[in-house]
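Counting along the sequence shown from 1, when you hit position 157 you're at 732 in the numbering used here, and nothing is skipped either side.
Note sheet for the following structure.
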Amino acid sequence: MIGKTMEKALNEQIREELGSAYLYLAMAAYFHDQNLPGMARWMEIQVEEEFQHALRIFRHLVERGGRVKLEALPEPKFEWPSPAEAWKAAYEHERYISSRIHKLMELARQERDYPAEVMLQWFVSEQVEEEDQTRRIVEMLERIGESGRGLLWLDKELGKRGREEGKEEE
Ligand code: OFO
């Protein structure tokens, strides 16, 4: 049975993961509005991944006799000054999520909650990947600068993102 402190912290993280999905859905809508369908597709796939992250924690709580309590999500932004700024915001958001995962890991260790620690291990690795992906895109956009052609090239590249089959089942 999971302890109350960890249960509360994991419920908060479910909200954060769903909040990420909500934020990236808002970014997908923004990219569609900017006529950047590749970037929009990338974000739509990310929305699905974030939902799977929330579900992973949800299932952990259920399996351990915890009670899931869904919390309200903050309204995401509607507009960004430029596509590059939106990607920067996505990268910053992932850094924020990593810091939360690290705090959860510390809590799991403090509480000697080994099952939560094992579950969180997956998230620690996942965050390395999430930060890496968004940071690379930010860096590419910095190189591209004001070039419209460069932006269209990157949009096409990002539109090639496929769903990572079975990833959520790992
Ligand atoms: Fe759930 O990893 Fe992004 O936020």
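Note that CB positions come from ideal geometry on N, CA and C, so glycine has one too.
Out of the options, which has the shortest C-alpha to C-alpha gap to residue i?
i: leucine 585; options: Ala683, Pro656, Lys731 and Trp662; result: Ala683
i: glycine 690; options: His668, Glu717 and Val637; result: First, the amino acid is wrong: residue 690 is proline here, not glycine. Comparing Cα-Cα distances from proline 690 to each of His668, Glu717 and Val637, the minimum goes to Val637.
i: arginine 736; options: Arg670, His607 and Pro612; result: Pro612
i: alanine 604; options: Pro649, Met581, Lys583 and Ala661; result: Ala661
i: phenylalanine 698; options: Arg710, Arg718, Glu623 and Met680; result: Met680
i: glycine 578; options: Glu587, Gly641 and His668; result: Gly641
i: valine 713; options: Trp617, Tyr597 and Pro658; result: Pro658
i: glutamate 582; options: Arg724, Asp688, Ser595 and Lys652; result: Asp688
According to DSSP, simplified to helix, strand and coil, what is residue i?
i: glutamate 609; result: One point to set straight first is that residue 609 is glutamine, not glutamate, in the sequence displayed. Three-state DSSP puts glutamine 609 in coil, outside helix and strand.
i: phenylalanine 633; result: helix
i: glycine 737; result: coil
i: serine 722; result: coil
i: proline 690; result: helix
i: leucine 673; result: Position check: residue 673 holds serine in this sequence, whereas leucine was assumed. Reduced to three states, the DSSP call for serine 673 is helix.
i: proline 651; result: coil
i: lysine 583; result: helix
i: arginine 616; result: helix
i: leucine 695; result: helix
i: glycine 594; result: helix
i: proline 656; result: coil
i: isoleucine 622; result: Per the sequence shown, the amino acid found at residue 622 is valine instead of isoleucine. If DSSP states are grouped into helix, strand and coil, valine 622 belongs with the helices.
i: methionine 680; result: helix
Given 7 Å as the limit, tell me if residue i has its C-beta closer than that to any heavy atom belonging to the ligand COA.
i: serine 595; result: Because the ligand COA does not appear in the structure shown, any question about it cannot be addressed here, the ligands present being the ligand OFO.
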